[in-house]
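Undergrad:
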Amino acid sequence: MGWLDALLGRSKPAKPNLDTLFALPSAAVTLQAATGFVPTGVGSVCFRAAEGGAFATLEQDIKALLGDAQIEQSNDSYGYTWLLARRPPDDLSSLVTDLHGVNSSLETAGFGPSLLCSLVTFKDRSDRRLAVVYLYKQGTFYPFAPLPGQRRDNALELQVRGVLGGELPIEPDLSRWFPLWGAPGL
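Here the sequence shown stands for residues 11 to 196, where the numbers follow this note's numbering.
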């Protein structure tokens with residue numbers, strides 16, 4: 011950052027730290043102990059797909075990299091592509107490794123700016139759903155708790171923020187806690 015940027019109040023955006031994804035398995039233990047939410051074995055990566063042969067080859071390479079994980083690809087109404095990975099619910103470490111591999115592959119191939127987020131889903135005994143979302147461009151996490159009718163369980167999201175605050179870098183700006191209606195696996 012130059013002196014002109016400092017003078018004009020500009021700052022560099024936070025760089026993503028994909029290795030923070032590996033904190034999710036231990037955070038999941040804390041989450042389960044405090045709230046009863048357990049992993050579902052489902053996670054996904056959201057990105058804007060690029061046109062062309064290079065990106066198509068990269069997608070094939072990512073699917074080959076994930077090996078025995080069950081992978082599904084879908085597109086949402088906003089033009090984003092979702093890669094959904096499934097693992098046994100008790101194997102969150104492998105799921106996080108899969109998500110890290112997808113993000114890293116896209117970033118290494120120069121598609122980092124097209125990455126939006128990654129999420130891991132959880133549920134409780136009454137089948138309420140919760141996603142812990144990683145914002146790629148911010149390098150932070152936030153909870154998303156959808157309710158029927160495109161509503162959110164704000165109280166649960168704030169409770170989870172408090173529970174996971176010591177485990178994960180939580181996004182401090184609540185306006186960046188985007189609702190992910192219809193996200194695959196949620």
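Just so you know, even glycine gets a beta-carbon here, dropped at the ideal spot from N, CA and C.
Everything numeric in this text was worked out from a predicted model, so none of it was measured.
Report back the beta-carbon spacing between residue 139 and residue 131 to the nearest angstrom; my notes put them in contact at under 8 Å.
TA: Counting from one through the sequence shown, the residue named residue 139 turns up at place 129. Counting from one through the sequence shown, the residue named residue 131 turns up at place 121. Contact flag correct, Cβ pair sits at about 6 Å.
Undergrad: At 3 residues or longer, and completely inside the stretch 79-118: list those beta strand (DSSP E) runs for me, N to C.
TA: You should have 80-85, 91-96.
Undergrad: I'd like the ranges of any alpha helix (DSSP H) spanning at least 4 consecutive residues and lying wholly in the stretch 162-189.
TA: As far as the stretch 162-189 is concerned, its whole alpha helix (DSSP H) runs of at least 4 residues are 164-174.
Undergrad: Please report how far the alpha carbon of residue 36 lies from the alpha carbon of residue 52, in whole angstroms.
TA: Counted from its first residue, the sequence shown places residue 36 at position 26. Counted from its first residue, the sequence shown places residue 52 at position 42. Spanning the two alpha carbons is a distance of roughly 17 Å.
Undergrad: Three or more C-beta pairs under 8 Å: does that hold for the stretch 84-93 against the stretch 147-165?
TA: Touching, no.
Undergrad: Select from 29, 58, 45 the residue whose C-alpha is nearest the C-alpha of residue 134.
TA: Start at 1 with the first residue of the sequence shown, and residue 134 comes out as number 124. It is 45.
Undergrad: Are the C-beta atoms of residue 142 and some chain B residue less than 8 Å apart?
TA: The structure shown contains no chain B; it is built from a single protein chain.
Undergrad: Between 34, 59, 109, which lies nearest to residue 173 when the distance is taken from Cα to Cα?
TA: Sequence index remark: in the sequence shown, residue 173 carries index 163 (1-based). It is 34 whose Cα lies nearest to the Cα of residue 173.
Undergrad: Does the beta-carbon distance from residue 30 to residue 149 come in below 8 Å?
TA: Residue mapping note: residue 30 aligns to position 20 of the sequence shown, counting from 1. Residue mapping note: residue 149 aligns to position 139 of the sequence shown, counting from 1. Going by C-beta atoms, residue 30 is nearer than 8 Å to residue 149.
Undergrad: Using alpha carbons as the reference points, say which of 125, 108, 164 lies closest to residue 189.
TA: Working through the sequence shown from its first residue, we reach residue 189 at position 179. Per the Cα distances, 164.
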